[in-house]
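Undergrad: The structure that follows is given in the form of structure tokens.
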Amino acid sequence: MSREESTSQLQSQRVSAPTIQTLQPSDCAKSSSLSTRKWNTDSLGSRLAVDAASAAGAASLICPLIIIIDKSIIEKAAKGISILQSLKSSLVALVKRPHSFFISTPFLLIYTLYGSTYLTANVIDTVTSTINDRAFSNVCAGPVKFIATAAVNMSICVYKDARFARIFGAQGSPPVDKSPPASQSGMPQPNRNPVCCYSSPSNVPESLPIPKRSFALFCLRDSMTIFASFNLPTLLSPHIPDILASTPSSKTTLAQFSIPASVQLFSTPLHLLGLDLYNRQPEGGLLAADRWGRVKRDWAPSCIARVGRIVPAYGFGGVANTKFRASLMKSLA
């Protein structure tokens, strides 16, 4: 073998050293700029004010009807009063003494509940659009929105339900008047059917504590409703067939009305069981069959009433809040 051939073989067998690629300063700046996200902070204060105004306006539209329906459901479960009878007495109170109605504890509780829920959803949308540099009117449907709205709604709603159960429930019934009738005592008989049926807390007798199981059932009920009201409509509306709704706006509206109402078929038993655990607390407890019988008895009428309550709250109220916010945000853009 010649010397030239052996030299060429040795060169072919050599392992070339790896090359190290160094980043130029311009490349580092480019990489840094790609990883830096631009935030859309334009008119952020005005956008938050729009969120609050939209929530307040939507809550004011739905509060009266929701109070009346809530009261009828609680009185049906606690006292056996028919829903129609309770609705009638509440409407009479609203018409004859509107000022007492709008400054009552139930109204303030309901207004705080839904105003805070809408406001939380709006603020999450604004924060998301700010971080992701999207349009002012952008609406998100992520887990953060569900967790935030559910936490606010459930914390206030459980407190509201406890107060409503004390005011309108069996434990909140005024003591029975055992005095002789007017014909026997010679005294004029007092009015036993006052127009205003919204008792102040000072007129409500001392009540039993709300069981922890009732709180847990109320939380589960509200989490179902919140997820069906603020997350599912945005996720499912694009999949609605065009034969039912032809435009994206109409699909969103249809989903906003139908999905929260449909969930009430499953959440109503949780609501009724939570109320029954509070209204009936005998020593030794009750059999599960006894409580289930009460739930089955009130399931259908209470479900219809809750659908009538949820449609205004998260149907009309949800659509109103969304439209108020979208139109006001467009004026800022």
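Just so you know, the sequence shown maps onto residues 44 to 376 in the numbering used here. Quick reminder that beta carbons are idealized off the backbone N, C-alpha and C, glycines included.
Whose C-beta lies closer than 8 Å to the C-beta of residue 89 among residues of the same chain, with five residues either side of it excluded?
TA: Same-chain partners within the cutoff: 375.
Undergrad: Buried or exposed: residue 127, going by 16 or more other Cβ atoms within 10 Å of its Cβ?
TA: It counts as exposed.
Undergrad: Kindly list the residues whose CB is nearer than 6 Å to the CB of residue 180, restricted to its own chain and excluding five residues on each side of it in sequence; keep chain order.
TA: Counting only Cβ-Cβ distances below 6 Å, and skipping sequence neighbours, we find 369 and 372.
Undergrad: Quick check on the DSSP output: the alpha helix (DSSP H) that includes residue 130 runs from which residue to which?
TA: Taken as a continuous stretch (DSSP letters only), the alpha helix (DSSP H) holding residue 130 covers 126-139.
Undergrad: If you compare alpha carbons, which of 351, 294 and 200 is closest to residue 160?
TA: Comparing Cα positions, the closest option is 200.
Undergrad: Would the stretch 331-344 and the stretch 258-272 be scored as touching if the rule is three or more Cβ pairs under 8 Å?
TA: With the cut-off at 8 Å, the stretch 331-344 and the stretch 258-272 do not touch.
Undergrad: Quick check: what's the CA-CA separation for residue 356 versus residue 148?
TA: Cα to Cα, residue 356 sits roughly 18 Å from residue 148.
Undergrad: Round the Cβ separation of residue 113 and residue 352 to the nearest angstrom and send it over; I've been treating them as touching at under 8 Å.
TA: Their Cβ separation, rounded to whole angstroms, is 7 Å, which keeps residue 113 and residue 352 in contact under 8 Å.
Undergrad: Nearest-angstrom Cα distance between residue 240 and residue 138?
TA: Below a pLDDT of 50, predicted positions are generally treated as unreliable, and residue 240, at 45, falls in that range; the measurement from the model is reported next regardless. Rounded to whole angstroms, residue 240 to residue 138 spans 12 Å at the Cα level.
Undergrad: What's the gap between the Cα of residue 259 and the Cα of residue 313?
TA: Approximately 9 Å between the Cα atoms of the pair.
Undergrad: Could you pull the start and end residues of the alpha helix (DSSP H) that residue 299 belongs to?
TA: 291-322 is the extent of the alpha helix (DSSP H) around residue 299.
Undergrad: To the nearest angstrom, how far is the alpha carbon of residue 92 from that of residue 327?
TA: Going from the Cα of residue 92 to the Cα of residue 327 covers about 53 Å.
Undergrad: Can you tell me which of the three DSSP states residue 175 falls into?
TA: Residue 175 falls in the coil class under three-state DSSP.
Undergrad: Pick from 136, 358 and 363: whose alpha carbon is nearest that of residue 305?
TA: Residue 358 is the option with its Cα nearest to residue 305.
Undergrad: Of the residues 349, 117, 103 and 366, which one's Cα is nearest the Cα of residue 206?
TA: Looking at the Cα atoms, 117 is the closest of the given residues.
Undergrad: Taking the alpha helix (DSSP H) that residue 204 belongs to, which residues open and close that run?
TA: 186-211 is the extent of the alpha helix (DSSP H) around residue 204.
Undergrad: Select from 211, 167, 319 and 298 the residue whose C-alpha is nearest the C-alpha of residue 195.
TA: Taking only the C-alpha atoms, the option nearest residue 195 is 167.
Undergrad: In three-state terms, what does DSSP make of residue 84?
TA: DSSP places residue 84 in coil when its eight states are reduced to three.
Undergrad: Starting from residue 362, follow the alpha helix (DSSP H) in both directions and report where the run begins and ends.
TA: Start and end: 360-375.
Undergrad: Under the three-state reduction of DSSP, which class applies to residue 109: helix, strand or coil?
TA: If DSSP states are grouped into helix, strand and coil, residue 109 belongs with the helices.
Undergrad: Report the option in 345, 354 and 366 whose CA atom is closest to the CA atom of residue 125.
TA: Ranking 345, 354 and 366 by Cα distance to residue 125 puts 345 first.
Undergrad: Using 8 Å as the threshold, is the C-beta distance between residue 182 and residue 277 below it?
TA: Yes; because the gap between Cβ atoms is below 8 Å, this pair is in contact.
Undergrad: Compute the Euclidean distance between the alpha carbons of residue 186 and residue 162, then round it to the nearest angstrom.
TA: When rounded, the distance between both Cα atoms is 17 Å.
Undergrad: Who are the Cβ neighbours of residue 109 in its own chain at under 7 Å, not counting the five residues just before and after it?
TA: The residues are 153, 352, 355 and 356.
Undergrad: Tell me the residue span of the alpha helix (DSSP H) that contains residue 260.
TA: Counting along the chain, the alpha helix (DSSP H) containing residue 260 begins and ends at 255-269.
Undergrad: Look at the alpha carbon of residue 331 and the alpha carbon of residue 263, and state the distance between them as a whole number of angstroms.
TA: Going by the C-alpha atoms only, they are around 19 Å apart.
Undergrad: Residue 278 lies in the alpha helix (DSSP H); which residues open and close that run?
TA: 275-279 is the extent of the alpha helix (DSSP H) around residue 278.
Undergrad: Please classify residue 285: does DSSP put it in a helix, a strand, or coil?
TA: Looking at residue 285 - three-state DSSP - the assignment turns out to be coil, as it is neither helix nor strand.
Undergrad: Please report the straight-line C-alpha distance between residue 218 and residue 96, rounded to a whole angstrom.
TA: Its pLDDT being 42, under 50, residue 218 is placed unreliably by the model, and nothing is read from it.
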